[in-house]
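Protein chains in written order, with our numbering: chain U, 1 to 341; chain R, 342 to 682; chain W, 683 to 1023; chain Z, 1024 to 1364.
For glycine and all other residues, C-beta sits at the position ideal for the given N, C-alpha and C.
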């Protein structure tokens, strides 16, 4: 059945699969000590326009968030984030499992704002009982957000400024970063992200790779003994070259951006069709996720013909669905979907 | 300076201090294996009208919540509570430090309701992604609540019913339980609490003891190897008889209730005076805590003469203060306070 | 350079790489809900001769040990194992990071014995202070062991019996299970393992797969809500079909055993050559790992020509090296190595 | 029955009990913000001859070890200690519960040596796989040791030197520190301890107090936000003045040392009698603990008349018992015991 359910339902882009077949007869050192990891890190540093970035490769998103947050946040602190954040809602308590409270703030279109963050921190500091409360210790946002919206460069810079003013690092979860970088009107490019964030990720799983998340620490922010930290979180892949090879491929000839841009363009076509047909489209999103509110009856009919993501029951009669394109979405699939709408 | 800041600013009731002086020449087995603990547990079982209750004695409130919750909640679950709950706001992340997410629900007057809880659980179960979310694993409420309000027996029974329907135990934090048991109009007596809760505490620290919280597991709910669990949470007092002696004293001749009732009566006098003088008194509370909203100027003047608890800034011009009586509050102190109002 | 450093330096067997290239145009449900996972689990159940086995697929070994142990061992318990166990020595504290003490016992040839285990448990139970000690809560052994030796079926059955007598499950870490199953003289076949263990793993990473460990729970031992447990340990792969596809391939036409047997045969050739040339070969191992003790000078010379694993300095003048074959080792590589010895 | 079972079977010295009775009518600020805590800390700083020491008061020993170690040791590290250490054997896994591996080293008479420690660390650093191993992150010893023996000043200084050379702090657990400070031949005085250790404790529970352990951080070693760290470990006593009052008392007129010295003198009398009567006394201990090896029959007879600590079965026919004096032991009790021997 036709599926726009998510952006991780296809194996990997052909370039990656092909290279996997070409390295069968070689032997590599394990745990990321291989040349592919070195080359991929070098290419990412170049794409970030910052030769000092420190790049690591992990397998999955929750694993990466758990490892980074637990390694960066002092143990007596929590991690501030939008209440819609993946770490707050969809990681089964992986952050709390490492002892850190998630400190959710009300989101708007999936985002939190710098003034809002500042107010939160100021109120914490002013509270006479704050030694008995969980101190905000780092800030987590994702780019794009859970709702496919994109922070502007100015918004991210302002968040970083407030975070730093309060002694906190800013972590930008880029599980779908490619889709933000290539969305219409985006002005926060990879080098901006690298200048603004203290640590961020470049997601592979949802943008062309089989699996893999690149973790980029900027300005010397790598935690001491990070290899051991990755290992103790169960996140050190034995055959690390599989990660290096994939990111080396994605960061050759701008493949990462090309794959993401295609997905956005396909989403744009769907979005335009939806609007033309009068659908209720939520959020001002320019990335690969589209959220529509339809009646329960409409939802049932649609879902009988195409696999879509179910978000939530809006009220007794309406539900919100997600239409998600990916680097693997074809023109033909989009034509079929539009015909169904 | 006159102080109504909290209910843990006096050492202990005279009866307890006196008995402490009378046991100096004896030697006791450690870790709660002494006769005082046995006697105190027996008296508590009798007061609960349930000979099957299993009673343990720990030192402090946060420690007790941490130990009980981590021992009762399956590791893949969180603990549902009002968002004003002590475990959510004022325990510095002690619950998350054991790996459990706190799952706050909107409170009203410090309480959550059975229908609200049921709805929360139903929505969790209905969510297609719930295997990626934190499952509600137990329910935590306090009696009285953080705002001094009291659940009715019916409200508690309904919460327990919903909790049990969803496979969760109900934990009632009774750090100030005495003040609830003796408040006007309360209809949830100790034997009701014991019939309703799966585990609850009887707070000593704030109701006459130097320190100590009795943990009562009902209906065979004691976790396996609970001594080891207490020990590994750093909560096993070497000289356990100090806890047994105190609870034995508090549960002799209804001392626990007498001490609490006195504090409530003193609070009632203050509450009446506040209302007569036109103060803005928040919450319908009949226990030993009174919350008033005053102007910043009023607050400053009051606090120059009497130590009060500061709750929060309500708006730019108003703050909420807490007036707290205790078992140690004297008529004279209350007279002085009323004269100041 | 020629390398016998380890058994995870090659990408994957050709059959797996080839199938990876054949599924590029398909879309699959995530998180292990796909048909490949279903088929692979079915084939593993058949190979285990037990239709009730419950099979899960995780990515890496440390991750798997961490997830399984933390999910199976009650929180107040530790995990008993040989002191040479991977979880005790080479997982960077991943087990303790989940709150469980590792309880190492003296090993012989990498093994512990049933009588030794029984004695350990009996002494624990008899200790007057045992409520203050870490209770043995599960037993972990690996098959083959860290030193390449193999437990007999009788030895494993005896360990399981003692474990069960003391209320503990037996976990057999089979990160290299194939090499044990196909070693000369082995009498513990996969169906025996499934009958004896409460949970065991079938390692893919070191036996032909790109990555992946199959976790097999027997006799209804799967922990409640194991999907959430996997997720909160950061171990749930989004594209689960990549794991299913690999294990489906490995368990088709006995490929798993064929790959392992080849590695053992190559190791046998090397072992024979070593013995003929008078090398000091440690442990009576019939699997793919060979441990030799050589002088420091010999070691340096060897390592200038072939990459070998360094185990430890035996004394001031001698070191122990590991020669490790894998499913990818070729006759030609072995010939080259033998010529060097 | 006569008891020499342990040194925490009596409530508290009369001076402390008396002062407890004298503060009933006062109100104090909570959580250690009171004047008694301030005064006690000041007296301890003076006794340490170091005005920069930072002093905190916690309730119990395991709680204190857990809080200090988890606050000081980086999360990717373990704590090195003698294998007989309390944290390794008798804290029910409280250290591992915070995620840190305990790294036991073979002890001699309860001690580890500087050269042994250095060798351990050197071997760790030299190990090619050390990123996969648990890094030694701090050193824990107790003074006196679990066997009542005492480190010399030189031994402690050497341990500290090696620890510092390897980037680790030295933590001295002084749960029974008084008994070491006042033992015959001891040359490590309190000011020496303060000069040598990075953090140490002064035990109250076993040396005259009802309960309480003073934690002393030297040279600015206090962890950031230690109040919150204490709170999140469940170790912050509401009525902190109870701790301050006790330590203020113990550090007035050298009471702490006087109480401990008496216990040592009583132990010396017993030790001498034991040696005269030909008992097999283990360890060269000059503190309040005496370990004797007797036949099972002798043990049974002794234990029918006096409560002693049971240590372990030495062999089929012999057991080791512990005779423990305390600040509360009377001449008469010792006379009775000697008569029984």
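For chain U, check one thing: does any of its Cβ atoms lie closer than 9 Å to the Cβ of residue i?
i                     : result
residue 758 (chain W) : no
residue 670 (chain R) : no
Using DSSP with H/G/I as helix, E/B as strand and the rest coil, what is residue i?
i                      : result
residue 1043 (chain Z) : helix
residue 1236 (chain Z) : strand
residue 630 (chain R)  : strand
residue 982 (chain W)  : helix
residue 564 (chain R)  : coil
residue 437 (chain R)  : helix
residue 157 (chain U)  : helix
residue 926 (chain W)  : helix
residue 108 (chain U)  : strand
residue 1006 (chain W) : strand
residue 994 (chain W)  : strand
Does residue i have its Cβ less than 9 Å from a Cβ in chain W?
i                      : result
residue 1006 (chain Z) : Residue numbering for chain Z in the displayed model covers 1024 to 1364; residue 1006 (chain Z) lies beyond these limits and cannot be assessed.
residue 97 (chain U)   : yes
Distance check for residue j and residue i, CA to CA, integer angstroms please.
i                      : j                      : result
residue 1025 (chain Z) : residue 1360 (chain Z) : 8 Å
residue 1270 (chain Z) : residue 1063 (chain Z) : 6 Å
residue 1315 (chain Z) : residue 1321 (chain Z) : 11 Å
residue 733 (chain W)  : residue 906 (chain W)  : 19 Å
residue 600 (chain R)  : residue 548 (chain R)  : 7 Å
residue 827 (chain W)  : residue 966 (chain W)  : 11 Å
residue 757 (chain W)  : residue 782 (chain W)  : 7 Å
residue 1337 (chain Z) : residue 579 (chain R)  : 27 Å
residue 630 (chain W)  : residue 407 (chain R)  : Residue 630 (chain W) lies beyond the stretch modelled for chain W, which goes from 683 to 1023, so this question has no answer here.
Using 9 Å as the threshold, is the C-beta distance between residue i and residue j below it?
i                      : j                      : result
residue 11 (chain U)   : residue 1009 (chain W) : no
residue 217 (chain U)  : residue 55 (chain U)   : yes
residue 816 (chain W)  : residue 763 (chain W)  : no
residue 760 (chain W)  : residue 887 (chain W)  : no
residue 715 (chain W)  : residue 861 (chain W)  : no
residue 1120 (chain Z) : residue 574 (chain R)  : yes
residue 525 (chain R)  : residue 595 (chain R)  : no
residue 1174 (chain Z) : residue 1184 (chain Z) : no
residue 1072 (chain Z) : residue 1210 (chain Z) : no
residue 686 (chain W)  : residue 878 (chain W)  : no
residue 17 (chain U)   : residue 706 (chain W)  : yes
residue 852 (chain W)  : residue 795 (chain W)  : no
residue 719 (chain W)  : residue 925 (chain W)  : yes
Whose C-alpha, out of the options, is nearest the C-alpha of residue i?
i                      : options                           : result
residue 13 (chain U)   : U:331, U:250 and U:323            : U:250
residue 1000 (chain Z) : Z:1358, Z:1161, Z:1325 and Z:1353 : Residue 1000 (chain Z) cannot be examined here, being either before or after the span of chain Z that is shown, 1024 to 1364.
residue 570 (chain R)  : R:404, R:647 and R:618            : R:404
residue 1115 (chain Z) : W:939, W:755 and W:811            : W:811
residue 104 (chain U)  : U:136, U:287, U:265 and U:213     : U:136
Does chain R have any CB closer than 9 Å to the CB of residue i?
i                      : result
residue 310 (chain U)  : yes
residue 918 (chain W)  : yes
residue 1233 (chain Z) : yes
residue 802 (chain W)  : no
residue 907 (chain W)  : yes
residue 314 (chain U)  : no
Give a yes or no on whether the minimum CB-CB distance between residue i and chain Z is below 9 Å.
i                     : result
residue 369 (chain R) : yes
residue 232 (chain U) : yes
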